[in-house]
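Trainee:
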Amino acid sequence: MNLKQKLKVRTWIVGASAWGIALLLFFPILWMFLTSFKTELQAISTPPTFVFEPTLENFSLVQERSDYLKHAINSIVTSFGATILALLIAIPGAYAMAFYPGKRTKDLLLWMLSTKMLPAVGVLVPIYILFRDYGLLDTRIGLIIIFTMMNLPIVVWMLFSYFKDIPREILEACRMDGASPMGEVVKIVMPLAWGGIASTGLLSIVLCWNEAFWSLNLTAADAGTLTSMIASYSSPEGLFWAKLSAASTLACAPIVAFGWLCQKQLVQGLTFGAVK
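For the sequence shown, this note's numbering gives the first residue as 1, with consecutive numbering after it.
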């Protein structure tokens with residue numbers, strides 16, 4: 001076998017392996033989607049039913065029982081609100097750390113990242129008490145605050161990485177022209193790092209959308225998100241697989257479509273951002 005044939009075989013093996021892994025990862029989503037169109041008896045049948053007459057009954061029941069639109073609006077408001085607030089805080093912070101570093105800048109960044117290693121349940125009680133005393137339980141404002149705190153370390157790290165790549169000479173030229181720090185951020189740093197800011201924001205939205213722990217523990221009927229809606233289909237009587245799959249499909253569809261449309265920015269953020 002010559003070199004060209006070996007390369008062709010290797011390419012075929014790598015391609016087949018990639019497709020196999022992709023199908024393996026996608027299969028649970030496909031199975032959830034198919035189950036959402038089954039009846040409860042078909043969903044729990046053994047062996048599984050692959051040929052069936054689809055029904056939309058589960059989707060209508062989800063809307064009647066859980067008010068999907070209300071939960072979806074809560075998810076949209078909290079995810080985008082927390083992302084905007086995190087960016088407003090992180091952009092000046094990352095700018096200061098990138099262009100005016102101090103002796104403890106690296107230590108501060110490592111400390112911020114270390115907070116992500118803390119189990120969320122470890123701070124649940126004090127946060128719950130604070131939210132209760134300040135009237136933030138079961139409110140969108142409360143979720144926006146906690147989502148912002150949750151994602152702020154990642155957002156700062158990613159923006160810091162992008163800002164570090166901006167040549168200092170450009171900023172020095174702006175300072176010689178009399179630009180203020182705010183002018184540097186708005187007119188120079190943000191336009192040059194716009195791709196990084198966009199990818200960071202997209203990643204933050206996805207993380208907020210998928211957050212379940214805080215949504216379940218800090219909300220009830222008024223500010224519940226789609227993740228809490230899905231959890232409501234678990235009952236002492238057991239899991240209603242068809243209805244649970246329909247609720248999960250409705251919850252995943254918007255963010256999957258959003259991620260598919262913005263996949264280039266998301267991949268760029270994950271590849272060249274915090275893990276750079």
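No residue lacks a Cβ here, since even glycine has one placed at the ideal position from N, Cα and C.
Given this structure, state the Cα-to-Cα distance separating V62 from K38, to the nearest angstrom.
Mentor: What you label residue 62 is simply residue 62 of the sequence shown in a count that begins at 1. What you label residue 38 is simply residue 38 of the sequence shown in a count that begins at 1. Near 14 Å, if we compare the C-alpha coordinates of K38 and V62.
Trainee: Counting only runs of 4+ residues fully inside the stretch 57-97, write out the alpha helix (DSSP H) ranges in chain order.
Mentor: With a minimum length of 4 residues, the continuous alpha helix (DSSP H) runs that stay inside the stretch 57-97 are 57-66.
Trainee: Note down, one range per segment and in chain order, each alpha helix (DSSP H) of at least 4 residues found wholly within the stretch 129-203.
Mentor: 140-164, 168-176 and 181-184, all fully within the stretch 129-203.
Trainee: Is the number of C-beta pairs between the stretch 93-100 and the stretch 157-166 that are closer than 8 Å three or more?
Mentor: At 8 Å Cβ cutoff, the stretches touch.
Trainee: Are there three or more Cβ pairs, one per stretch, closer than 8 Å when the stretch 78-89 is compared with the stretch 137-154?
Mentor: Counting Cβ pairs under 8 Å, three or more are found: they touch.
Trainee: Enumerate in chain order the residues of its own chain whose CB-to-CB distance from L124 is below 7 Å, with the five nearest sequence positions on each side excluded.
Mentor: Here residue 124 refers to the residue found at position 124 of the sequence shown. Correct list, in chain order: N217.
Trainee: Reducing DSSP to helix, strand and coil, say where L239 ends up.
Mentor: Counted from its first residue, the sequence shown places residue 239 at position 239. Here L239 sits in strand by DSSP.
Trainee: Can you give the beta carbon distance from A43 to W241, rounded, assuming they're within the 8 Å contact cut?
Mentor: What you label residue 43 is simply residue 43 of the sequence shown in a count that begins at 1. What you label residue 241 is simply residue 241 of the sequence shown in a count that begins at 1. Right, their Cβ atoms sit about 4 Å apart.
Trainee: Given this structure, state the Cα-to-Cα distance separating A82 from W12, to the nearest angstrom.
Mentor: Numbered from 1 along the sequence shown, position 82 holds the residue referred to as residue 82. Numbered from 1 along the sequence shown, position 12 holds the residue referred to as residue 12. The alpha-carbon atoms of A82 and W12 are separated by roughly 44 Å.
Trainee: To the nearest angstrom, report how far apart R65 and F50 are at their CA atoms.
Mentor: As a first step, residue 65 is located in the sequence shown; it is residue number 65 there, counting from the start. As a first step, residue 50 is located in the sequence shown; it is residue number 50 there, counting from the start. About 28 Å.
Trainee: Pop quiz: I170 and I188 are said to be a contact at Cβ under 8 Å. What is the actual Cβ separation, rounded to whole angstroms?
Mentor: Residue numbering aside, residue 170 sits at position 170 when the sequence shown is read from its first letter. Residue numbering aside, residue 188 sits at position 188 when the sequence shown is read from its first letter. Correct: roughly 6 Å between the Cβ atoms.
Trainee: S234 bridges to which residues according to DSSP?
Mentor: As a working mapping, residue 234 is identified with position 234 in the sequence shown. Looking at the DSSP assignment, S234 forms a beta bridge with L239.
Trainee: Among L113, L143, A16 and S114, which has the Cα closest to the Cα of I127?
Mentor: By one-based count along the sequence shown, residue 127 stands at place 127. Of the candidates L113, L143, A16 and S114, the one whose C-alpha sits nearest the C-alpha of I127 is L143.
Trainee: Grab me the residues of A231's own chain with a C-beta within less than 8 Å of its C-beta, minus the 5 sequence neighbours each way, in chain order.
Mentor: Position 231 of the sequence shown, counted from the first residue, corresponds to residue 231. The residues are A212 and L216.
Trainee: Kindly indicate the opening and closing residues of the alpha helix (DSSP H) around E40.
Mentor: The sequence position of residue 40 within the sequence shown is 40, counting from 1. E40 to A43 is the span of the alpha helix (DSSP H), which, as asked, contains E40.
Trainee: Is the beta carbon of D165 less than 7 Å from the beta carbon of A223?
Mentor: What you label residue 165 is simply residue 165 of the sequence shown in a count that begins at 1. What you label residue 223 is simply residue 223 of the sequence shown in a count that begins at 1. Their beta carbons are not under 7 Å apart, which means D165 does not touch A223 by this criterion.
Trainee: On the criterion of 16 or more Cβ atoms from any shown chain inside 10 Å, does A246 qualify as buried, or is it exposed?
Mentor: On the sequence shown, residue 246 is found 246 positions in, with the first residue counted as 1. Buried, since its Cβ has 16 or more Cβ neighbours within 10 Å.
Trainee: Rounded to whole angstroms, what is the Cα-Cα separation between F80 and C208?
Mentor: Numbered from its first residue, the sequence shown carries residue 80 at position 80. Numbered from its first residue, the sequence shown carries residue 208 at position 208. Looking at the two C-alpha atoms, the distance is approximately 8 Å.
Trainee: Output the boundary residues of the alpha helix (DSSP H) element that contains S36.
Mentor: In the sequence shown, the residue the question calls residue 36 occupies position 36. Taken as a continuous stretch (DSSP letters only), S36 belongs to no alpha helix (DSSP H), as it is neither H nor E.
Trainee: Using a Cβ-Cβ cutoff of less than 7 Å, which residues in the same chain neighbour T249 once the five nearest sequence positions on both sides are dropped?
Mentor: Start at 1 with the first residue of the sequence shown, and residue 249 comes out as number 249. Excluding positions up to five away in sequence, the list reads M32, F33 and S36.
Trainee: Return the Cβ separation of T225 and T78 in integer angstroms, given the expectation that the two are a contact with Cβ distance under 8 Å.
Mentor: Here residue 225 refers to the residue found at position 225 when the sequence shown is read from its first residue. Here residue 78 refers to the residue found at position 78 when the sequence shown is read from its first residue. The Cβ separation is near 6 Å, so the contact holds.
Trainee: Judging by CA-CA distance, which residue of L261, Q263, P254 and K264 is the nearest neighbour of Y68?
Mentor: Translated into the one-based positions of the sequence shown, residue 68 becomes position 68. Closest by alpha carbon: P254.
Trainee: From P48 to A72, what distance separates their C-alpha atoms?
Mentor: Your numbering for residue 48 matches position 48 in the sequence shown. Your numbering for residue 72 matches position 72 in the sequence shown. C-alpha separation (whole angstroms): 31 Å.
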